[in-house]
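Here the structure comes first, spelled out in structure tokens, and everything after it is commentary.
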Amino acid sequence: VKNGQVKAANEKFNNTSSRYEVTLGPSSEVVPISDPHAASSIPAGHWLIVPIAALAAMDGAEGATGANAPPSRGVDVLGVLLSVGESSTFTSKAGKELTKRVVEIADDSNHSIELTIWGELATTFAGGPGDVVVAKGARLSAWNGKSLSSSFDGDVFLHPQHEKAPRVKAWYDGGGASSVIALSSSGGGAGGGGGGGGARRTIGDALAAGLGASKERPDLWSVQATVLLIKSSRELWYTSCPKCKKKVSGDDAQLWSCEACGWQGPECVRRYIGRFQISDADASLWVNAYDEVLTELLAMSADDLCRLKDVDERAYEAHLKEHSFDTFVFGMRSVLDEWNNEARVKHGAVSMKRINFEMEARAMLETIKLEAIKLR
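The UniProt record's numbering applies: residue 1 is where the sequence shown begins, and numbers increase by one.
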């Protein structure tokens, strides 16, 4: 860059962390670097990363001032995506058409927060759960507890080259996101991301917040809970097609057949579909679950459990009791469902993990620190 004018940054219009800015004029020149080695040596961005947990102590009120006020330029936050909502377009009070997308991010401070992406990037954003992002100069507000909003220039970067990125990614891959504390009151509800990687809640908190009551999207959340009872009044499995996993008809004495894909064969595959009750210190809840979760919970395939029931009913019941009263971290998906013209919320366990006591201890410590800040 040649012939630019250097002056002190105007924080009203400059949301970078730099104290100075360069203004280009008619005689200024911007020349692309042709040497790829020289170009690769230039950092993709400069960010002053703030841990998400630190946002809890900042005042997100409009026009906040004082020691707890966020920087006027906004904050730089690096985190891993927990969930990604759909983009939506609406008309503002001023009559302007706006596009936004809400995502939820978390970092290894064991906290999560919602981030609203605006403008063209809201439409083109290609990140998914597990991807690392940086939001530069995001504005902190007190909406939905605490939340972040990107600039309309779309200062949100996927897969940033930053020293913290590999650490946060390893934390997420190791199951750290299963115990995060949500700073946004609708945490875990950004929707669309699959897998139950939402923010940690108690069962009572999830019910009080009305998770799953929205017609627009399911709510994703997680909970540490104990299995109280596995419902065995009806079979815990269905007979499925080994090709497409849809339900098949027939029996072991004849051929099984699948109407969905046309498969026929002498042996089907049994897959779990059932309900069990979970409880924490707050409340209890009946949840639906499918093959992946119930195979993990019961430590046995549906085919093997079916054979056990055929051979020894008592051993079957004993096996179900043996795998009750274990405690796990469940990834939950709550969604509004209609049955016989009656709307009701269905809660499903879409993932489960054995407790990582080190991660749980860290999360508890962060909760204590957060509560201590609130009492000051």
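Glycine residues also receive a C-beta, built at the ideal position from the N, C-alpha and C atoms.
Nothing here was measured: the structure is a model prediction, and the numbers come from that model.
Using only the alpha-carbon positions, how far apart do LYS93 and THR239 sit? 54 Å
CA-CA distance, SER151 and PHE13? 11 Å
With C-beta atoms as the reference, is VAL168 less than 8 Å away from VAL80? yes
Tell me the rounded alpha-carbon separation between VAL102 and VAL50. 20 Å
How many angstroms separate the CA atom of TRP47 from the CA atom of ASP107? 15 Å
Per DSSP, cross-strand counterpart(s) of LYS100: SER88 and TRP118
Here's a check: name, in chain order, each residue in its chain whose Cβ is nearer than 7 Å to the Cβ of GLY130, leaving out the five neighbours to either side. VAL80, LEU81 and TYR172
Let me know if GLY26 comes out buried or exposed under the rule of 16 or more other beta-carbons within 10 Å of its beta-carbon. The question names Gly, yet the displayed sequence has Pro at residue 26. With fewer than 16 Cβ atoms within 10 Å of its Cβ, PRO26 is classed as exposed.
Just to confirm, is the Cβ distance from VAL345 to GLY127 under 8 Å? no
LEU236 and LEU308 - do their beta-carbons sit closer together than 8 Å? no
Does the Cβ of VAL30 have 16 or more other Cβ atoms within 10 Å, making it buried, or fewer, making it exposed? exposed
Can you tell me whether PHE330 is buried or exposed, with buried defined as 16 or more other CB within 10 angstroms of its CB? buried
Excluding the 5 residues preceding and the 5 following GLY4 in the sequence, name in chain order all residues of the same chain whose CB lies nearer than 6 Å to its CB. VAL22, LEU24 and SER28
Delimiting residues of the alpha helix (DSSP H) encompassing TRP171: 164–173
Since LEU78 contacts VAL134 with CB under 8 Å, what's their CB separation in whole angstroms? 5 Å
Residues that DSSP places opposite PHE330 in a beta bridge: VAL223 and MET352
Three-state secondary structure assigned by DSSP to GLU296: helix
Pop quiz: ALA260 and CYS241 are said to be a contact at Cβ under 8 Å. What is the actual Cβ separation, rounded to whole angstroms? 7 Å
Taking C-beta to C-beta, are ASP326 and VAL227 nearer than 8 Å? yes
Between GLU317, ALA53, ARG271 and ALA165, which lies nearest to SER147 when the distance is taken from Cα to Cα? ALA53
Supposed close pair residue 446, GLY137 - CB separation, criterion 8 Å: Missing from the structure shown is residue 446; the chain here goes from 1 to 376 and no further.
What are the residues that DSSP puts in a beta bridge with LEU211? BP columns for LEU211 are empty, so no partner.
Buried or exposed for GLY189, please, with buried defined as at least 16 other CB atoms from any protein chain shown within 10 angstroms of its CB. A caution first: GLY189 carries a pLDDT of 37, below 50, which makes its placement in the model too unreliable to give a value.
Going by Cα to Cα distance, which pick from TRP256, ARG271, TYR272 and VAL311 is closest to GLY265? TRP256
Span of the alpha helix (DSSP H) around VAL311: 302–311
Restricting to runs no shorter than 3 residues, where is the beta strand (DSSP E) found entirely within the region 223–257? 237–240
Taking all protein chains shown into account, decide if GLY85 is buried (16 or more other Cβ within 10 angstroms of its Cβ) or exposed. buried
So the beta strand (DSSP E) PHE276 belongs to, where does it begin and stop? 269–279
Would you mind giving the Cβ-Cβ distance between HIS111 and ILE42, rounded to the nearest angstrom? I have them listed as a contact below 8 Å. Not really, about 32 Å apart at Cβ, beyond 8 Å.
Exposed or buried, PHE357, counting other C-beta atoms within 10 Å across all chains shown (16 or more means buried)? exposed
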